[in-house]
Amino acid sequence: MKKITLIVALCLGITASYGQDVKEADVPAPVKDAFAKKYPGLKAEWEKEDGNYEAEFEGKRIKTNMETGSTSKVRVEGTVLISPTGSILETEEESETKSLPNGISDYVTKNLGGKKIKEAYKITDNTGVISYEIEIGKDEYLFDSNGGFLKKAEEKDEKDDDK
């Protein structure tokens, strides 16, 4: 019986460490306003994570070419972590592999036998520091803004694969 209780407790603890789905009506106005300002016109699915709110989004937004002033719609997908007061803590946007710093492809070639990058994300924290995360198979690797290897993340779980 102790083993069953321990297994149940561990499963509940693992589940609790991931975000809990939140209905949009339950998301505080400052959080929704911050999201709408950063990603106008996009809809989000919300989770509460360690007291903050994570919006998962996908859609198109207008991008302006600074040199020519022309605009175009570009696909954007990712997540944004927002405090209850509306401060953006971190953004994670999908990135094309061709736009990654060269150090990342060099690392993949040298250390991972040139395996194919399945997905790539540009991560910006609340201080403006940029890092990159790539997914190869079920593994994730984190790099600094110049493409320098930082660490290999733990193997992704099924919940993360569904996102």
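So for the sequence shown, my numbering puts the first residue at 201; every next one is plus one.
Glycine residues also receive a C-beta, built at the ideal position from the N, C-alpha and C atoms.
- [ ] Might you give, ordered along the chain, the residues of its own chain that have their beta carbon closer than 8 Å to the beta carbon of Lys352, omitting 5 neighbours on each side?
- [x] So the list reads Asp339, Glu340, Tyr341 and Leu342, once near-sequence residues are dropped.
Open item on the list: So Glu224 and Trp246 are supposed to be a Cβ contact under 8 Å. How far apart are they, rounded?
Closed with: That belief holds up - the Cβ atoms of Glu224 and Trp246 are roughly 6 Å apart, short of 8 Å.
Open item on the list: Only counting the same chain, and skipping five residues up and downstream in sequence, which positions put a Cβ closer than 6 Å to that of Pro230?
Closed with: Within the same chain, Pro230 has close Cβ partners Thr285 and Gly286.
TODO: Reducing DSSP to helix, strand and coil, say where Lys338 ends up.
DONE: Coil.
- [ ] Can you give me the start and stop residues for the alpha helix (DSSP H) that Lys298 sits inside?
- [x] Where Lys298 is concerned, there is no enclosing alpha helix (DSSP H), given that its DSSP letter is neither H nor E.
Open item on the list: Quick check on the DSSP output: the beta strand (DSSP E) that includes Ala368 runs from which residue to which?
Closed with: Nothing about residue 368 can be read from this structure; the chain reaches only from 201 to 363.
TODO: May I ask you to report which of helix, strand or coil DSSP gives Glu224?
DONE: Reduced to three states, the DSSP call for Glu224 is helix.
Task: Gly269 to Lys318 span [Cα, whole Å] - done: Answer to the nearest angstrom: the Cα atoms are 33 Å apart.
- [ ] Can you give me the Cβ contacts of Ile262 inside the same chain, cut-off strictly under 7 Å, excluding the 5 residues immediately before and after it?
- [x] Cβ neighbours of Ile262 beyond the five flanking positions: Thr271 and Lys273.
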